[in-house]
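A.B. asks:
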Amino acid sequence: MLSEGAEHLDVATESLGAYATLQWVSENACLIQVQPNTNTNTNSNSNSNSNNQTKQTVHTTNTETQAALLTCNALVMLWVEHLLASSLPKEPSPKESPPKWLRQYVPSYTSLLLEYDLEYIDSFALRSILKRAATNIDPKALVLFDKDASKQAPSLSKNASHHVIEVCYDPQLSHALPDTQRPNDLDAVSQYTKLTSKEIISLHSEREYRVFSVGFLPNFAYMGLTSSALNMPRLASARKAVPAGAVAIADNQTAIYPQQSPGGWHILGYTPEPLFFLNDQANKKAQSHIEFASGDTVRFVSISLEQYLAKYSLYTASESDTSSVNHIDPKLTSDA
1 MLSEGAEHLD
11 VATESLGAYA
21 TLQWVSENAC
31 LIQVQPNTNT
41 NTNSNSNSNS
51 NNQTKQTVHT
61 TNTETQAALL
71 TCNALVMLWV
81 EHLLASSLPK
91 EPSPKESPPK
101 WLRQYVPSYT
111 SLLLEYDLEY
121 IDSFALRSIL
131 KRAATNIDPK
141 ALVLFDKDAS
151 KQAPSLSKNA
161 SHHVIEVCYD
171 PQLSHALPDT
181 QRPNDLDAVS
191 QYTKLTSKEI
201 ISLHSEREYR
211 VFSVGFLPNF
221 AYMGLTSSAL
231 NMPRLASARK
241 AVPAGAVAIA
251 DNQTAIYPQQ
261 SPGGWHILGY
271 TPEPLFFLND
281 QANKKAQSHI
291 EFASGDTVRF
301 VSISLEQYLA
311 KYSLYTASES
321 DTSSVNHIDP
331 KLTSDA
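Residue numbers (full-length UniProt numbering): 1 to 336.
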């Protein structure tokens with residue numbers, strides 16, 4: 001034990017080098033905020049720009065913002081890698097345990113929250129660890145994200161998992177099962193984006209997404225970045241009940257609802273895969289074998305309505321009578 005009853009430092013925020021700051025948020029918690037240099041060249045003081053130049057500047061700013069977000073998140077995951085590796089055994093297991101002083105860590109888009117145990121470490125010793133880590137984490141080792149940044153979502157985390165999620169985008173699924181209706185917003189998205197349903201599905205399933213953060217619900221993963229052509233605001237009024245398995249988009253992100261809950265994202269389709277994760281080994285019912293974590297990558301694969309019904313029946317066979325699934329005329333089904 002390094003310190004007993006260590007007092008919290010008076011300094012609220014301090015630098016961790018050129019690209020990160022450290023903020024003490026409580027007696028036993030701190031926040032690392034990543035802020036890499038992006039070399040943004042938008043000059044808001046110039047009043048002589050034409051409308052075309054202004055539009056180009058806005059486009060460039062949005063592109064640079066997306067690239068900066070991906071870079072920041074990659075840096076956050078490098079911090080996680082370093083902190084976990086600092087106290088790991090020589091032959092770590094796939095899911096490595098944090099050091100004893102680290103109660104929990106919560107990576108997000110551009111930050112990393114650390115909660116530490118005062119029985120093992122105080123803020124002075126932690127500061128020293130983080131200062132050393134800052135000198136060992138080299139931002140130059142990152143992939144440089146350019147104007148196609150949204151297509152480049154590879155995770156640099158050694159412990160990251162890759163998930164392939166099957167999705168039925170067919171609106172006929174809405175009334176295909178007796179347990180609950182499954183609303184679909186493909187038409188609304190098409191009207192807003194001026195894209196066809198096939199184009200929307202293609203854009204959504206053509207790229208690999210990075211999990212930026214997990215929250216709101218257990219195993220609810222905030223993933224991005226979607227194609228800029230799919231960017232659209234959330235629903236004006238959130239639904240009171242979004243069915244489990246709904247795959248949805250909002251702004252430049254996509255997500256899967258692991259269980260029924262309120263939600264305001266636009267639903268594109270549904271996965272038959274159960275994603276409700278319970279941290280309860282004694283209760284295996286409705287457990288997902290997929291557990292999302294920050295830094296993971298995800299790709300969506302389109303499946304037909306018939307494929308969805310077959311897989312849904314398989315996953316729910318132990319919990320309900322699968323003979324109650326409504327029959328769908330194969331002639332009416334489509335992959336898009």
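Each residue gets a CB set at the ideal place from its N, CA and C atoms; glycine is no exception. Quick caveat: nothing in here was measured; it's all calculated off a predicted structure.
Entirely within the segment 193–232 and at least 4 residues each: give me those alpha helix (DSSP H) ranges in chain order.
C.D. replies: Here the runs fully enclosed are 197–205.
A.B. asks: For a quick check, are the C-beta atoms of V247 and Q260 less than 8 Å apart?
C.D. replies: No. Outside cutoff.
A.B. asks: Checking the sheet assignment: what are the DSSP bridge partners for H163?
C.D. replies: According to DSSP, H163 bridges with V298.
A.B. asks: Out of I165, Y257 and R182, which has the shortest C-alpha to C-alpha gap to residue 338?
C.D. replies: Beyond the ends of the chain as shown, which are 1 and 336, falls residue 338; an answer cannot be given.
A.B. asks: Give every residue of the same chain whose Cβ lies closer than 7 Å to the Cβ of T196, excluding the five residues on either side of it in the sequence, and list them in chain order.
C.D. replies: Closer than 7 Å at the Cβ level, and outside the excluded window around T196, lie S190.
A.B. asks: Tell me which residue opens and which closes the alpha helix (DSSP H) that L16 is part of.
C.D. replies: Looking at the DSSP string, L16 is not in any alpha helix (DSSP H), and its letter there is neither H nor E.
A.B. asks: Go through its chain and collect everything with a Cβ distance to V164's Cβ below 7 Å, but skip five positions before and after it.
C.D. replies: Around V164: R299 and V301.
A.B. asks: Does the Cβ of S111 have 16 or more other Cβ atoms within 10 Å, making it buried, or fewer, making it exposed?
C.D. replies: Burial call: buried.
A.B. asks: Beta strand (DSSP E) containing Q104: first to last residue?
C.D. replies: Per DSSP, Q104 belongs to the beta strand (DSSP E) from L102 to P107.
A.B. asks: Roughly how many angstroms lie between the CA atoms of E208 and T297, to the nearest whole one?
C.D. replies: The straight-line gap from Cα to Cα measures roughly 7 Å.
A.B. asks: T254 and A229 look like a contact to me (Cβ under 8 Å); what is the Cβ gap, rounded to whole Å?
C.D. replies: Actually they do not touch by this definition, with Cβ atoms about 13 Å apart.
A.B. asks: Alpha carbon to alpha carbon, what distance is there between C72 and Y116?
C.D. replies: Approximately 23 Å, taken between the alpha carbons.
A.B. asks: Let me make sure I understand the geometry here. Which of Q35, L309, G245 and L22 has the alpha-carbon closest to that of K131?
C.D. replies: K131 has its Cα closest to that of L22, out of Q35, L309, G245 and L22.
A.B. asks: Specify whether the segment 24–35 and the segment 118–134 touch according to this definition: at least 3 beta carbon pairs, one from each stretch, less than 8 Å apart.
C.D. replies: Taking 8 Å as the limit for Cβ pairs, the verdict is that the segment 118–134 does touch the segment 24–35.
A.B. asks: Can N136 and H82 be called in contact, C-beta distance under 8 Å?
C.D. replies: Yes, Cβ-Cβ distance for N136 and H82 is below 8 Å.
A.B. asks: Mapping the DSSP letters down to three states, classify W265 as helix, strand or coil.
C.D. replies: Three-state DSSP puts W265 in coil, outside helix and strand.
A.B. asks: Which residues bound the beta strand (DSSP E) around T21?
C.D. replies: It spans A20 to S26 - the beta strand (DSSP E) in which T21 sits, taken as one unbroken run.
A.B. asks: Rounded to the nearest angstrom, how far is the Cβ of G224 from that of N252, given a contact under 8 Å?
C.D. replies: With a Cβ gap of about 6 Å, G224 and N252 count as contacting.
A.B. asks: Can you tell which of L126, L275 and I267 has its C-alpha closest to the C-alpha of L235?
C.D. replies: The option with the nearest alpha carbon to L235 is I267.
A.B. asks: Assuming V34 contacts V80 (C-beta within less than 8 Å), just tell me the rounded distance between them.
C.D. replies: Actually they are not in contact, since the Cβ atoms of V34 and V80 sit about 11 Å apart, beyond 8 Å.
A.B. asks: Got a sec? Which residues, its chain only, sit under 8 Å from S15 by beta carbon, not counting five neighbours each side?
C.D. replies: The answer, listed in chain order, is T21 and L22.
A.B. asks: Is Q33 helix, strand or coil when you go by DSSP?
C.D. replies: Three-state result, Q33: strand.
A.B. asks: Below 8 Å on the Cβ atoms is my contact criterion, and I expect S202 with S108 to pass it. Report the Cβ-Cβ distance as a whole number of Å.
C.D. replies: Going by Cβ atoms, the distance from S202 to S108 rounds to 30 Å, so no, they are not a contact pair.
A.B. asks: I need the DSSP call for Y257, collapsed to helix, strand or coil.
C.D. replies: In this structure, Y257 counts as coil in the three-state DSSP scheme.
A.B. asks: Which class does R127 belong to by DSSP, given the choice of helix, strand or coil?
C.D. replies: R127: helix per DSSP, three-state reduction.
A.B. asks: If you compare alpha carbons, which of E291, K240, K198 and E273 is closest to A221?
C.D. replies: That would be E291, whose Cα lies nearest to the Cα of A221.
A.B. asks: Nearest-angstrom Cα distance between L78 and Y105?
C.D. replies: Using only the alpha carbons, I get a separation of about 13 Å.
A.B. asks: Rounded to a whole number of angstroms, what is the C-alpha to C-alpha distance between P272 and Y308?
C.D. replies: Going by the C-alpha atoms only, they are around 6 Å apart.
A.B. asks: Quick check on this structure: which residue in Y312, V25 and S123 has the alpha carbon closest to the alpha carbon of residue 388?
C.D. replies: Residue 388 is absent from the model: the chain starts at 1 and stops at 336.
A.B. asks: Out of curiosity, what's the CA-to-CA distance linking L126 and E119?
C.D. replies: Answer to the nearest angstrom: the Cα atoms are 13 Å apart.
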